[in-house]
Each structure stands twice: as C-alpha cells, then as structure tokens.
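**Q** The first sequence begins at 1 in UniProt numbering and counts up one residue at a time.
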Amino acid sequence: MELQIKEGISAAFAALYNHSISAEEIALQATRKDFAGTYTLVTFPYGRISKLNPEQTGQAIGEYLKANLSNVVADYNVVKGFLNLELSEGSQVNLFAKIFNGANVADSPVFSIEEKNRTVVVEYSSPNTNKPLHLGHLRNNFLGNSVARILKANGNKVVKVQIINDRGIHICKSMVAWLKFGEGETPEAAGIKGDHLVGKYYVAFDKAYKEEIAALVADGVEKEAAEKQAPIFVEAQEMLLKWEAKDPEVYSLWEKMNGWVYEGFEDTYQRMGVDFDKLYYESDTYLIGRDRVMEGLEKGVFYKKEDGSIWVDLTDEGLDQKLLLRSDGTSVYMTQDIGTAIMRYEDYPDLSQLIYTVGNEQEYHFKVLFLILKKLGYEWAEACYHLSYGMVDLPSGKMKSREGTVVDADDLIQQMADTAKSRTEELGKIEGFTEEQANALYETLGLGAIKYFLLKVDPKKRMLFNPEESIEFQGNTGPFIQYTYARISAIVRKAVQLDIDIAAIDYNQITDLHETERDLIYAISQYPEKLALAANEYSPAVVAQYVYDIAKEYNRFYAEVSIFSEDDVEKRKFRVGLSALAAETIKVNMNLLGINVPNRM
RNA sequence: GGUCCCUUAGCUCAAUUGGAUAGAGCAACUGCCUUCUAAGCAGUAGGUUUCAGGUUCGAUUCCUGAAGGGAUCACCA
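Put into structure tokens, the structure is as follows:
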C-alpha cells in the first residue's frame, strides 16, 4: 500500500516534471489526527523540482494521484506544504484482507519477514555471583531478552548468552563471612534461596569489615592503611590467592556456594521468563584472555612496565593507557573480557554481530575493549556492539547495595503478582477459575506490568522507579494491553458460539468503514515497519509504543462500534475478523517484549 | 579537571530521525455500564521543550556557549 503510493508519487514526478526520483527516496508520514487522510507527503523539499511553491506542488501531485491511482487514493487535501492523502475504502478493505488471510493471521504475507542469513550473539544478564538480582538486572534481562526476540523476528539467527562472573574478590568475601559466621548454614536448612543466602554473607562481610576499620582507626591507624590491614579483608585476599592456586578446600567451598547462587538465579530466570542458549564462565575465559595478552605483548601491541605489569597505550585514539595484567600476573576485568570475546568467535565463526547488553557506566570499558581487539588484529572487532542502557534510579538517587537501597528482583516480582491478585479480586471477573489458573493469571499480569514498565522507556535513557507509587495497572501499562487482548478474546469466543465464520467474508459487501476501523487497519499494517525500526535501534520501546497504540485504537473501536448487534452479516464477520487480527497483533508484539497475554482477566 | 550522556505539562514518559496547532499516562475535574469485560471510552485543564545565541522555508531535533544533574577516567568488577 505504502509502496504503491510512493511509486505513484515517483511516477507523478516523472510525468509532471520529467524528473526521476525513486520510490525509496520518498518519505511518507502518518497524517496527523486533526486532518483528513492517512498518509502525508511533505512537499517543501520538492519545490526546486516542480518550480512551484509547496502548496501548488501538493495540488499537482494530489491531482495526479487521484487521476492515476484512483483505486488507492480516493481524495486529497493540501494544507500549506503538506499533501494529505485519503485512501479509498476498497484499498483499505483490500489491505485488511491481505494481512488477514482468513487462516492464521501470524502467517499472513505482510507479517512474514525475510530471513537475513545473519547470526547474532546477544549477551545479557551476566551478574556477579555474590548477591541476588535487583531491579537493575531486571532492566538488563528484559532488554537483552527482548532485543534478542526482536532481532529473531526480524529475520536473524540469534544466540542468547551470558558471562557468569564467578570468580574474584567479591565471591571470596561471601565465602570468608560464611566460614566465620555461617555455622554451616545452607539454603535448605535456612529456607532461603541460595543467591539470597550468599548475598546475606556478602553484607555480613561488609559489616564486619567496617567495624574492623573503625576499631583500627580508633587505635590511631590511618584510614587508608586500616582498609588494607583489616584482618577480614586480608583473609579474603588470601582466599583469592588460594583459589587461583586451586587449593582443594577453597575450591570446593567456592563450587558449593556458587552452586547455591546458580540455583537461586535459575528460579528467578524461570519466573522472569528469560533463558540462555549458552553460558560462559569467567573462571574459564580469563585464562584465554591472559594467553592472548601475552601474545599481544610478543607482537609488540602491548608493553610491559618495569614492575612486570602489562599495558596498552591508547593515547593515539584519544584514550588513556589501560592495565591488562597485574604485576603479579593475575588478570583484571578487561583480561577476561578479551578472552570471552575470542571464545565466542571461535564458537560461532560466522557471527555477524556480537551485542553486549551492559549499563552505560561501562561505555569507556567497551570502547577500550573493542579497540584492543582491533589492535590484536581481529577484524570482527568492528562487529562488536555495546547495547548501552541507562540506570534505573530511585527517588533517593542511585541504588546502593551497601546502603540497603536496592530493590530486590524476587521481592518486586512477588509484590507485583500480589498487586495483580488484589486488583483482580476487587474486580471479580474470573469466576470459574481454578486456583491454579488464577495464580497463573496473577503471575502473567504482575510480570507484564514490570516488563512493560521497564521496556517502554528508551533504553538509552536513565529512568526512575518509585517504589512508593508502585507500578500502575491503568493507562499506558502492560495490564491495560493485556486487558485489551482478553476483551477481544471474549468477542472471538462469543463469535464461535454464534457460529460466525470469519474465514469467509464477502469483502465486496464491506463499505462505509467507520473511522476507527480505518485507523485500526492502518495501525496494524505498520507492523513490519515498526519491527524493522525496533531491530535497527535495538529498542523494545518502539514495540511497546506501537502495541500501546494498537490497544488504544482497538478500545476506541470497541466503544464506538457495536459488533454483535450489527444487522449486516458480512459486516459482523468483518468486525470479528478485525478484532481477531488486532488481538493477534497485540499478542505478537507483546511476545516481542517477552510478555504473555491472558484469554480472560 | 578531561571525556561522554541527560534536561519536554505538577509527576513518569512520547514526538515517524529537520515538518503542521509538541502528544500519552498518572494526579485533578466532567460525562458514559439494561447492549460484545468500565483494568475501558469521551471531554476539560495543564508548555517560553533549562537558558542565550546561530544555521533555514521550518528547530524539541543540527551547531556554539552557559546553568543544573549523571556517568566515567583504578594493579575494582
């Protein structure tokens, strides 16, 4: 449809002004609500071709389209430099019929996207294993998972991965504290999720550490020195050394506590509805990174300082010098990231892109990482992309685990499910549900609310979460869209009961389209374009905005047009069909966000 | 201090990538359930797009400068 019009405009330029302009070069936009029409051509730029003012240009092209493309363009109007095109009813009904092929809406030609023969790795989540997931991780996971779904829907092969930061001083801290204060406590015995239990000892470490520092300072030790001397800190450092030496006792404790954390994470991931195709462990990848850094040193890409530490000089690129290996030969964060990237390209040699879903606080880190990979001679360094997203702030500012201002992921999900429950019970619309069905619904609604809340905002921007106000269920929210889907489901169910056969609509009988029907068809037809935009910008927010528009448009139709009390049989069928198509569009797009939709609520 | 990012209605966010009178939701107010789910729909009110310049037919969008906020610049991750 859109292409037809663009081609028509292109033909108009050729016929009227003997000027060649391709259909792809022509940009159409949606007509604003307060003017008649569906598509709008901005004519300001074309004045030098037509040698007319914008208004006259619009008139001329509009007239040409009306005369030569009358099956699509029924009429037009010109307001200043804007040519608004009003589509013929027949073409809109036609468009609907094309999308809604009567069988399975998801398979309609308009909705099927070309396969691109590209493989993309999307990394997300990648938490440290010393504490449970929080709200920031939720944004990360939902974003990465949704981008993976969007890229897949847009014709890419997608591999979802994460790197598990399972080694380092932070885990040793939890381990030391557990040995000191834990008295052999296990998740089973304590009835606490494994990740929360380990997180508890991480906090315990910090508390003890602070007390020791305070005691030392009271004895007259300088604060900085106290931070390094505190016995519990020294213990943690010793444990890290033992771990690197693979001391059996330390190693088995490390495996045990990491195991608890993985079990806890797995529960949370499952509840969140995210998963991974492949896991990488830092405890594996840091060794490869170290080897490649040594190779780079031999090749002269890096240099060694007198103390034995190894560095890369990026001052020519406008950046600083960066440490790659400590003087004692142990690796830093960058070392393992080099190793991880190389491993991934070994695992997937035909990779077109490697996407890192990581917060924007690490922009500098990834800039450096990609430059280093390039310096090491990996051509694919160009194909690495940092999908950088903004932090989730609280009204009090940044979340800080040490100050106890983090919003725990498990708690938040539970809280939202509880809200869904009380809200549903208030409205009393699910009589006949078993308890199991009801609980599944609360879960669907609660998760839908959080996911939509976190995904509707442009990923690049930082956003605010106010725990006091909680997440809404009305207006521009997940449950509102889910509600719209449930509403339509009720209509489709009733249509089946009434034997209304939407597979056989006589489209010739469909005339006098209501304004809301036209708008709805237009909105639905935008799907492939929105999907492509979302994929190009790695932005689920585009999808969220779009699916909200569809839901709003449908509810307007629902309020203004009656379906079952319509006398005309074909119109009745058409409206049920349009409803079903709207529902399918909502479902497909919500799934791109990782959100499920209920049949009743 | 260097580099990068942000600032749009009381609040949370949009704005088709330079286009029309800057739009939604929440909060406030007014209508609409005897008809398909009112978690809905319609309406009222709310703006010097942080400020000052510039570029052009046209700027929330691009450029320069200023103010306020944030991130980062570790032998941390």
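Don't be surprised by glycine CBs; every beta carbon is placed ideally from N, CA and C.
#1: Using 8 angstroms as the cut-off, can you tell me whether the region 75-93 makes contact with the region 304-311, which would need three or more C-beta pairs spanning the two stretches below that distance?
#2: Is there contact between the region 294-304 and the region 277-286, where contact requires at least three CB pairs shorter than 8 angstroms?
#3: Using 8 angstroms for Cβ pairs, my map puts Gly577 next to Phe100. What's the rounded Cβ distance?
#4: Identify which residue in Ile338, Asn476, Phe480, Asn466 has its Cα closest to the Cα of Leu445.
#5: If we ignore side chains and look at the alpha-carbon of each, how far apart do Ser539 and Ala153 end up?
#6: On the three-state DSSP scale, how would you describe Ile288?
#7: Taking the alpha-carbon positions, what's the Val203 to Ile213 distance?
#8: Measuring alpha carbon to alpha carbon, tell me which of Ala383, Asp337, Leu387, Lys456 ends up nearest Ile164.
#9: What is the DSSP secondary structure of His196, counted as helix, strand or coil?
#10: Cα-Cα, which of Asp291, Asp275, Glu183, Met590 is closest to Thr477?
#11: By how many angstroms is the C-alpha of Val406 removed from the C-alpha of Ala523?
#12: Using the C-alpha atoms, what's the distance from Val158 back to Val332?
#13: Using DSSP bridges, identify the partner residues of Asp75.
#14: At what residues does the beta strand (DSSP E) containing Glu346 begin and finish?
#15: Measuring CA to CA, which of Ala23, Thr40, Asn439, Val72 is closest to Thr424?
#16: Taking Cβ to Cβ, would you say Gly155 is nearer than 7 angstroms to Glu115?
#17: Please confirm whether Ser50 and Tyr76 have their CB atoms less than 7 angstroms apart.
#18: Around the Cβ of Glu515, are there at least 16 other Cβ atoms within 10 angstroms (buried) or fewer (exposed)?
#19: Which term fits Phe276, buried or exposed, when burial requires 16 or more other beta carbons within 10 angstroms of its beta carbon?
#20: Taking all protein chains shown into account, do 16 or more other C-beta atoms lie within 10 angstroms of the C-beta of Leu427, making it buried, or fewer, making it exposed?
#21: Of the residues Ile5, Gly136, Gln56, Met1, which one's Cα is nearest the Cα of Leu394?
#22: Go ahead and pull the three-state DSSP assignment for Thr357.
#23: Considering only their Cβ atoms, is the gap separating Leu513 from Glu89 smaller than 7 angstroms?
#24: Using a threshold of 7 angstroms, state whether the C-beta atoms of Lys66 and Val73 are closer than that.
#25: According to DSSP, is Asn536 helix, strand or coil?
#26: Would you kindly work out how many angstroms separate the C-alpha atoms of Leu241 and Glu222, rounded to a whole number?
#27: On the three-state DSSP scale, how would you describe Thr186?
#28: In the DSSP output, what is His134 paired with across the bridge?
#29: Does the distance from the C-beta atom of Leu323 to that of Val293 stay below 7 angstroms?
#30: Who are Ile5's beta bridge partners in DSSP?
#31: Looking at the structure shown, is Gln509 part of a helix, part of a strand, or coil, going by DSSP?
#32: My guess is that Glu235 and Val176 are in contact by the Cβ rule of under 8 angstroms, so how many angstroms apart are they, rounded?
#33: In the UniProt domain "DALR anticodon binding" (481-601), which residue ranges form an unbroken alpha helix (DSSP H) of at least 4 residues, counting only runs that do not cross its ends?
#34: According to DSSP, what are the bridge partners of His386?
#35: Suppose the cutoff is 8 angstroms on Cβ atoms and the five residues either side in sequence are ignored; what does the same chain contact list for Val561 look like?
#36: Exposed or buried, which one is Val147 when buried takes at least 16 other CB atoms within 10 Å?
**A** Concretely, from the data shown:
#1: no
#2: no
#3: 6 angstroms
#4: Phe480
#5: 13 angstroms
#6: helix
#7: 15 angstroms
#8: Asp337
#9: helix
#10: Met590
#11: 40 angstroms
#12: 29 angstroms
#13: Glu86
#14: First-last for Glu346: 333-347, but that is the alpha helix (DSSP H), not the beta strand (DSSP E).
#15: Asn439
#16: yes
#17: no
#18: exposed
#19: buried
#20: exposed
#21: Gly136
#22: strand
#23: yes
#24: yes
#25: helix
#26: 26 angstroms
#27: coil
#28: Asp408
#29: no
#30: Answer is none; Ile5 lacks a bridge partner.
#31: helix
#32: 5 angstroms
#33: 515-525, 527-537, 540-560, 569-592
#34: Tyr356
#35: His514, Thr516, Glu517, Arg575
#36: buried
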